[in-house]
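Numbering (the numbering used here), first residue to last: 24 to 352. Read through the structure below, which is laid out as structure tokens, and then see the notes.
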């Protein structure tokens, strides 16, 4: 039975294991619930870039950031559907759409729902990240066919106030509750390398693993320090601030053990990881990546590099059903 009653001490004990023991345990858990050597390919498109009123210290799209990124309007539906068709042709099974908003305005909901229905009609899984949602907005997106809604917790409750002040941790949890109540699947993870300590990584995974239901998708990001953002300026010239790659892999492995049925996605920061580090992440239980050359506004490894890595490691795009979603049906 999948546990949602993990304690912080239990999670800390997992982190403290010898590295090889932890990886061995995580790979055993992974193979009990997921197809071996299969990795889900997803594509992420920014459908509304820049000008977000939130002050998230890592984000180049925040209105508080001095990155020179101009605020743009919501993309038109046809352009979004064209990008989705291109993503499907490149092998993606899920198409994710992100908008730099605190929350969507009701006037945008018709266009957003049309995008969802159009992408869904192509046979792709659909995901959106639009900020906070009201109950009605969550229900409308669910009715349009949205499979996943992404809303990250980012870090531990204790470290959260160091990163964001314009939205509370509880507000994030409230949105997750509305998403779950609407019938959509939850995509929720966070970012490593934001100056947090290991106890914050323990607290972050504890918050995810003790939700009433585990997120079906758990993105684990490594901070990409963007000049002009609070964290980018603070950490860009501080090499020691970057998350240690072994510690990053440990975090992936612990996430796999705690949330055995969830898709664990190796997300932002992957473009700067060596092939060996990525391989360790897959060994530790990561089985989803974003492919393509860009993640919203930051660089990504690119489909060509991913194809070469998959061939080298003997991996293939995921063909099996996602365990958490199958279990929910």
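Every residue, glycine too, gets a C-beta built ideally from N, C-alpha and C.
Bounding residues of the beta strand (DSSP E) (the contiguous stretch that carries residue i)
i: residue 66; result: 61-71
i: residue 152; result: 148-152
i: residue 288; result: 286-289
i: residue 85; result: Neither: residue 85 is in no beta strand (DSSP E) and is coded neither H nor E.
i: residue 138; result: Residue 138 -> not in any beta strand (DSSP E); alpha helix (DSSP H) instead, spanning 132-144.
Run of the alpha helix (DSSP H) containing residue i, from where it starts to where it stops
i: residue 198; result: 192-205
i: residue 31; result: 31-38
i: residue 302; result: 298-306
i: residue 165; result: 158-167
i: residue 102; result: 100-112
i: residue 54; result: 42-56
i: residue 279; result: 268-281
Cα-Cα separation, residue i to residue j
i: residue 244; j: residue 166; result: 30 Å
i: residue 225; j: residue 246; result: 17 Å
i: residue 164; j: residue 209; result: 13 Å
i: residue 317; j: residue 333; result: Since pLDDT at residue 317 reaches only 47, below the 50 mark, its modelled position is unreliable, and the value read off the structure follows with that caveat. Going by the C-alpha atoms only, they are around 19 Å apart.
i: residue 340; j: residue 168; result: 23 Å
i: residue 237; j: residue 287; result: 11 Å
i: residue 314; j: residue 223; result: 28 Å
i: residue 85; j: residue 277; result: 31 Å
i: residue 137; j: residue 73; result: 22 Å
i: residue 336; j: residue 133; result: 43 Å
i: residue 342; j: residue 59; result: 11 Å
i: residue 80; j: residue 254; result: 5 Å
i: residue 90; j: residue 96; result: 18 Å
i: residue 293; j: residue 144; result: 30 Å
i: residue 321; j: residue 217; result: Bear in mind that a pLDDT of 47 at residue 321, under 50, signals an unreliable position, so the number given afterwards is only what the model happens to contain. Using only the alpha carbons, I get a separation of about 16 Å.
i: residue 76; j: residue 47; result: 43 Å
i: residue 179; j: residue 122; result: 24 Å
i: residue 182; j: residue 230; result: 12 Å
Where residue i sits in the DSSP three-state scheme
i: residue 79; result: coil
i: residue 247; result: coil
i: residue 234; result: coil
i: residue 180; result: helix
i: residue 330; result: helix
i: residue 407; result: With the chain covering only 24 through 352, there is no way to say anything about residue 407.
Those residues which DSSP pairs with residue i across a bridge
i: residue 173; result: 210
i: residue 122; result: 71
i: residue 252; result: 250
i: residue 215; result: 245
i: residue 312; result: 64, 289
i: residue 340; result: 62
Residue i Cβ short of 7 Å to the ligand MG heavy atom set
i: residue 225; result: Here there are no bound small molecules, and the ligand MG is not part of this structure.
How do the stretch 186-201 and the stretch 271-278 stand: do at least 3 beta-carbon pairs fall below 8 Å, yes or no?
Using a C-beta cut-off of 8 Å, the stretch 186-201 makes no contact with the stretch 271-278, since fewer than three inter-stretch Cβ pairs fall below that distance.
Examine the Cβ distances between the stretch 174-187 and the stretch 131-150 and report whether three or more of them are shorter than 8 Å.
no
Taking three-plus beta-carbon pairs below 8 Å as touching, is the stretch 285-300 in contact with the stretch 34-43?
no
Please determine if the stretch 109-116 and the stretch 48-66 are in contact, where contact requires at least 3 C-beta pairs separated by less than 8 Å.
Yes, the stretch 109-116 touches the stretch 48-66.
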